């Protein structure tokens, strides 16, 4: 492992944005979360981002 600490905030600003040209709200939100997952996966941050179990539809 190297000693480089990435500028995580800049990476999110540069690579994660809501696509407002997408007409469907559900598709727009889904694409945002897909982009988030890809950013996390591409940078090896999966151990930093932990999701809790969903217990019901309300989350």
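Numbering (our numbering), first residue to last: 2 to 60. For every residue, glycine included, the Cβ atom is placed at its ideal position computed from N, Cα and C. None of the values given here were measured: they were computed from a predicted structure.
C-alpha distance - residue i paired with residue j, whole-angstrom precision
i, j, result
"residue 30", "residue 46", "21 Å"
"residue 9", "residue 27", "27 Å"
"residue 25", "residue 4", "42 Å"
For residue i, the first and last residue of its enclosing alpha helix (DSSP H)
i, result
"residue 24", "No alpha helix (DSSP H) holds residue 24; DSSP gives it neither H nor E."
"residue 6", "Premise fails: residue 6 is in no alpha helix (DSSP H) and is neither H nor E."
Nearest-angstrom beta carbon gap, residue j and residue i [assumed within contact, 8 Å]
i, j, result
"residue 19", "residue 44", "At roughly 20 Å, the Cβ-Cβ gap does not stay under 8 Å, so residue 19 and residue 44 are not in contact."
"residue 51", "residue 41", "In fact, because the Cβ distance is near 11 Å, the residues do not count as touching under 8 Å."
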